[in-house]
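Asker:
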């Protein structure tokens with residue numbers, strides 16, 4: 001174990017919490033890959049952080065805090081194995097742990113196993129709805145109650161779902177190993193979807209729960225940056241980074257001084273964060289240079305076409321429409337089709353855009369799916385209003401308002417409805 005420094009008031013809960021956030025996933029990955037048991041590794045790491053909270057404030061920070069935590073957690077795992085008398089079943093794994101105890105911990109000498117955890121969290125056996133929460137817990141150390149507040153789920157339900165997911169990892173024999181290149185390519189979409197789900201959860205809610213939503217967005221960015229280091233040959237990772245940075249650049253402009261929601265087309269583009277936009281442009285250019293286009297690169301390119309309003313005074317709507325056509329051909333997503341219809345109204349008659357939107361719900365299956373989808377009703381209301389269809393617009397705004405969970409957006413829609421009734 002590392003020699004501690006002099007006792008310091010700085011070695012308190014705030015510093016330890018910061019270390020948890022940045023070291024948790026790395027340490028958990030190393031422990032779980034070696035033990036083969038994610039739940040036991042979590043328990044051991046929790047004990048190590050609890051020990052740090054008790055000893056560091058009085059004894060001072062170790063020279064290498066991450067090594068200290070890893071050593072304590074590793075010993076806890078070995079003790080668990082001995083007490084449960086399962087050395088024979090896991091002889092190879094735990095012999096490795098015991099032998100390793102005699103060596104000096106060198107983070108640079110140990111492969112980063114967080115990629116293994118990312119892919120375990122998004123394994124096909126894991127339900128899609130729990131992948132993002134599971135990633136938040138295993139890679140960032142958030143507890144179930146905090147994750148539940150962000151995803152608007154009861155804490156007890158979230159805790160049960162996370163336990164079931166980790167149980168499935170163990171029972172199904174999902175290997176906690178770094179996948180080979182072909183497996184990375186096959187499973188990368190699921191990993192990126194889970195990370196983007198974390199980001200969109202933060203973006204869609206303006207209120208604060210146990211997890212600050214701005215912080216949650218930062219964590220999604222951090223996970224993607226980590227992924228870009230682990231698989232630098234995958235252009236979609238950089239496409240997602242660009243997409244989120246373009247979006248983040250407009251966070252301040254998204255609401256006025258009174259907290260009212262401001263739609264993208266009406267935002268003061270001078271409030272957009274130029275540094276983030278420039279970073280996004282660089283990531284998008286890098287992704288494009290790999291000559292392997294994907295969903296997130298196209299979505300980022302759409303945001304880039306919006307960002308040119310800073311220089312041209314208006315978005316490049318012709319480029320946006322062409323990009324939405326490409327995106328729909330790739331995804332066949334009704335959500336993409338809805339966004340395309342709204343964009344189409346900028347370059348064609350609103351009646352054409354409305355006809356395209358109504359074509360989306362021409363089948364009963366899609367109509368049923370979109371009936372409770374708030375953005376669909378908001379788009380319908382906007383296009384009907386542009387066409388002068390007061391009655392239809394009023395109905396659509398009423399539906400959108402009823403389905404809206406964000407108070408700022410709800411206030412914006414109520415304002416639009418009042419304009420019609422005035």
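Numbering (the UniProt record's numbering), first residue to last: 1 to 422.
All C-beta atoms in this analysis are idealised placements derived from N, C-alpha and C, irrespective of residue type, glycine included.
These numbers come from a predicted model, not from an experiment.
1) Between residue 293 and chain C, is the shortest Cβ-Cβ distance under 8 angstroms, so that the two count as touching?
2) To the nearest angstrom, how far is the alpha carbon of residue 312 from that of residue 394?
3) Would residue 253 and residue 271 be called neighbours here (beta carbons separated by less than 8 angstroms)?
4) Mind checking who residue 255 pairs with in its DSSP beta bridge?
5) Looking at residue 235: is its Cβ nearer than 8 angstroms to the Cβ of residue 294?
6) When the Cα atoms are used, what is the spatial distance from residue 343 to residue 159?
7) Quick test of your reading: residue 277 and residue 307, contact by CB under 8 angstroms. State the CB separation rounded to the nearest angstrom.
8) Buried or exposed for residue 94, going by 16 or more other Cβ atoms inside 10 Å?
9) So, residue 337 versus residue 360, is the Cβ gap smaller than 8 angstroms?
10) How is the alpha helix (DSSP H) around residue 121 delimited, first residue to last?
11) Let me make sure I understand the geometry here. Which of 80, 302 and 194 has the alpha-carbon closest to that of residue 127?
12) Is there contact between the stretch 220 to 236 and the stretch 182 to 198, where contact requires at least three CB pairs shorter than 8 angstroms?
13) What do you get for residue 42, buried or exposed, if any count of 16 or more other CB atoms within 10 angstroms of its CB means buried?
14) Identify whether residue 212 lies in helix, strand or coil by the three-state DSSP scheme.
15) Assign residue 179 to one of three DSSP states: helix, strand, or coil.
16) Among 204, 49, 396 and 57, whose alpha-carbon lies nearest the alpha-carbon of residue 72?
17) Scan the UniProt domain "RNA polymerase sigma-70 region 2" (19 to 84) and note each continuous alpha helix (DSSP H) run of 4 residues or more that stays entirely inside, going in chain order.
18) Three or more C-beta pairs closer than 8 angstroms, one from the stretch 371 to 385 and one from the stretch 395 to 411: is that the case here?
19) Comparing alpha-carbon positions, which option in 373, 66 and 54 lies nearest residue 24?
20) Between residue 358 and residue 240, what straight-line distance do the alpha-carbon atoms span, to the nearest angstrom?
21) Distance, Cα to Cα, residue 389 vs residue 367?
22) Helix, strand or coil for residue 394, going by three-state DSSP, please let me know.
23) At 4 residues or longer, and completely inside the stretch 348 to 378: list those alpha helix (DSSP H) runs for me, N to C.
24) Are the stretch 167 to 182 and the stretch 120 to 137 touching, with three or more C-beta to C-beta distances below 8 angstroms?
Answerer: According to the data block:
1) Protein chain content of the structure displayed is limited to a single chain, and chain C is not contained in it.
2) 34 angstroms
3) yes
4) 261
5) yes
6) 41 angstroms
7) 5 angstroms
8) Since pLDDT at residue 94 reaches only 47, below the 50 mark, its modelled position is unreliable, and no value is offered.
9) yes
10) 114 to 121
11) 194
12) yes
13) buried
14) Below a pLDDT of 50, predicted positions are generally treated as unreliable, and residue 212, at 48, falls in that range; no measurement from the model is reported.
15) coil
16) 49
17) 38 to 59 and 65 to 83
18) yes
19) 66
20) 30 angstroms
21) 20 angstroms
22) helix
23) 350 to 360 and 364 to 370
24) yes
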